[in-house]
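Student: In the working numbering, the protein residues as written are 415 to 847. Let me give you the structure first, and then I'll get to my questions.
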């Protein structure tokens with residue numbers, strides 16, 4: 415049964431304000447900082463203010479019902495912010511309200527910026543995504559696969575072909591998060607799950623140990639979610655000659671003004687880091703500090719050695735929206751070009767070539783891609799791309815509607831919460847032009 419918490423304040427409302435006054439106010443105050451996208455009255459970008467109130471009310475209801483501790487959501491249309499709100503608490507026990515610039519563990523939302531980093535290196539002529547991974551990381555020159563046998567165990571056989579970089583970008587390399595027939599070997603090696611922040615070894619060393627383990631399936635035969643993008647992070651470091659955190663900061667984060675995106679949180683910002691909660695039968699529970707995946711402190715107090723390209727970033731809704739707006743713009747934002755339009759087109763095209771995935775969707779170079787709107791059966795557009803994170807965050811870009819959406823919360827597990835569906839439905843019902 416949901417527990418209603420008195421700690422969750424409702425959003426501040428300003429009744430009686432006219433649309434003209436709000437527009438004047440937005441122009442007067444401008445963006446909150448130089449790193450924020452420009453803001454607009456929703457009607458200026460073809461959305462309904464009244465209908466977006468339905469979204470506000472729905473997300474607040476989850477907080478009031480005790481199903482969600484706190485969240486932030488941003489909706490950008492035609493390059494301007496039509497909706498940006500925070501809900502609930504950053505820390506319920508400390509009675510700290512969620513700020514608009516709350517920082518969240520975005521987990522697998524790290525994968526898209528890392529994939530962009532790989533494509534930047536291709537644009538610079540430093541690699542080709544058709545290259546064998548072993549060309550840059552020799553430990554991947556020959557890999558193996560664990561194949562179930564009729565004796566109740568498994569056999570380890572050679573891979574039928576080398577893994578190439580595009581296999582990693584599309585999650586078709588056969589590399590899981592330590593599952594599959596040979597899961598026991600992954601457990602013995604201490605490489606399971608997706609959490610790296612607590613590791614006291616450089617991620618390159620972890621990746622080298624991954625290469626020696628039997629993979630889940632043969633390269634190019636199945637879509638298998640796993641350490642693919644962590645391997646890409648190690649590859650970026652090797653090819654660029656820079657540590658991954660330095661490359662990402664100098665080449666992507668700083669140029670895009672993503673000042674609140676980090677692998678490890680600066681100590682001055684720890685008061686903005688959202689607390690992790692878990693859904694249980696009795697309501698929400700604060701995740702224990704000692705929990706590896708849901709722990710509260712490793713991103714601040716951890717060894718700061720393991721830069722996980724697959725799940726390591728912390729960020730804000732506004733920061734991540736800037737990254738996605740760059741993609742929607744064809745690789746450029748505020749006069750800074752990260753990629754060319756043809757590279758963005760390649761990244762946001764289905765590459766699976768018949769490999770089964772989700773109904774109505776394919777997978778590109780770092781993103782899921784909507785290929786059949788009716789088959790998927792929820793609001794959106796063909797060509798929409800996005801993904802999400804283990805802490806119940808999600809994002810997508812809809813080029814047809816010139817739309818960017820980022821929704822962040824730190825809830826693991828989420829317990830079947832249907833807020834993602836409501837978020838999508840209530841955003842699309844607010845589009846009027």
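We treat Cβ as the ideally placed atom computed from N, Cα and C, and that holds for glycine.
1. So, at 6 Å on beta carbons, what are the nonlocal neighbours of residue 495 in its own chain, with the 5 sequence-adjacent residues on each side left out?
2. Quick one: what's residue 572 bridged to in DSSP?
3. Could you compute how far the alpha carbon of residue 779 sits from the alpha carbon of residue 522?
4. Flag this pair as yes or no: are the beta carbons of residue 804 and residue 600 separated by less than 9 Å?
5. Taking the alpha helix (DSSP H) that residue 661 belongs to, which residues open and close that run?
6. In angstroms, rounded to a whole number, what distance separates the CA positions of residue 548 and residue 570?
7. Would you please state the rounded distance, in angstroms, between the beta carbons of residue 519 and residue 824? I believe it to be under 8 Å.
8. Alpha carbon to alpha carbon, how far is residue 821 from residue 809?
9. By Cβ distance below 6 Å, which residues in the same chain neighbour residue 528 in space, the five residues on each side in sequence not counted?
10. Among all the DSSP beta bridges, which residues are the ones paired with residue 814?
11. Apart from the five residues just before and just after residue 589, which ones in its own chain have a Cβ nearer than 6 Å to its Cβ?
12. Using C-beta distances below 7 Å, list every residue in its chain close to residue 462, excluding the 5 sequence neighbours before and after it, in chain order.
13. Could you say which of 488, 472, 580 lies nearest to residue 767 if we only look at CA atoms?
14. Evaluate residue 563 with the Cβ neighbour count: other Cβ atoms within 10 Å of its Cβ, from every protein chain shown; 16 or more gives buried, anything less gives exposed.
15. DSSP has residue 825 in a bridge; who is on the other side?
16. For residue 833, which residues does DSSP report across the bridge?
17. Alpha helix (DSSP H) containing residue 584: first to last residue?
18. How big is the Cα-Cα spacing for residue 784 and residue 795?
19. Does residue 464 pass the burial test, meaning 16 or more other C-beta atoms within 10 Å, or should it be called exposed?
20. Using a Cβ-Cβ cutoff of less than 7 Å, which residues in the same chain neighbour residue 841 once the five nearest sequence positions on both sides are dropped?
21. To the nearest angstrom, how far is the alpha carbon of residue 739 from that of residue 561?
22. In the structure shown, what three-state DSSP assignment does residue 498 receive?
23. Reducing DSSP to helix, strand and coil, say where residue 784 ends up.
24. If we ignore side chains and look at the alpha-carbon of each, how far apart do residue 759 and residue 812 end up?
25. Report yes if the C-beta distance between residue 848 and residue 623 is below 9 Å; otherwise report no.
26. Where does residue 740 sit, in a helix, a strand or coil, going by DSSP?
27. Excluding the 5 residues preceding and the 5 following residue 661 in the sequence, name in chain order all residues of the same chain whose CB lies nearer than 8 Å to its CB.
28. In terms of alpha-carbon separation, which member of 539, 491, 638 lies closest to residue 582?
Tutor: Checking against the coordinates, here is how it stands:
1. So the qualifying residues of the chain are 451, 453.
2. BP columns for residue 572 point to 558.
3. The straight-line gap from Cα to Cα measures roughly 14 Å.
4. With contacts defined by Cβ atoms closer than 9 Å, residue 804 and residue 600 do not form a contacting pair.
5. DSSP places residue 661 in the uninterrupted alpha helix (DSSP H) bounded by 658–662.
6. Taking C-alpha positions only, residue 548 is separated from residue 570 by approximately 20 Å.
7. Right, their Cβ atoms sit about 6 Å apart.
8. Spanning the two alpha carbons is a distance of roughly 6 Å.
9. Shown here for residue 528: same chain residues with a beta carbon closer than 6 Å to its own, the five before and five after excluded, namely 643, 646, 647, 723 in chain order.
10. DSSP output for residue 814 lists no bridge partner at all.
11. Excluding the 5 residues flanking it on each side, residue 589 has same chain C-beta neighbours closer than 6 Å at 629, 640, 641, 642, in chain order.
12. Counting only residues of its own chain and dropping the five nearest sequence neighbours on each side, residue 462 has a CB closer than 7 Å to the CB of 456, 844, 846.
13. Cα-wise, what sits closest to residue 767 is 580.
14. Looking at its Cβ environment, which holds fewer than 16 other Cβ atoms inside 10 Å, residue 563 is exposed.
15. Beta-bridge annotation (DSSP): residue 825 is paired with 691.
16. Residue pairing by DSSP places residue 833 in no beta bridge whatsoever.
17. Per DSSP, residue 584 belongs to the alpha helix (DSSP H) from 579–584.
18. Spanning the alpha carbons of residue 784 and residue 795 requires a straight line of approximately 7 Å.
19. With fewer than 16 other Cβ atoms within 10 Å, it is exposed.
20. Excluding sequence neighbours, residue 841 sits near 469, 489, 819.
21. Rounded to whole angstroms, residue 739 to residue 561 spans 43 Å at the Cα level.
22. In the structure shown, residue 498 falls within a strand segment according to DSSP collapsed to helix, strand and coil.
23. The answer is strand: DSSP assigns residue 784 an E or B state.
24. Cα to Cα, residue 759 sits roughly 13 Å from residue 812.
25. The shown model of the chain, from 415 to 847, leaves out residue 848, and the question about it has no answer.
26. Helix.
27. So the qualifying residues of the chain are 531, 650, 651, 654.
28. That would be 638, whose Cα lies nearest to the Cα of residue 582.
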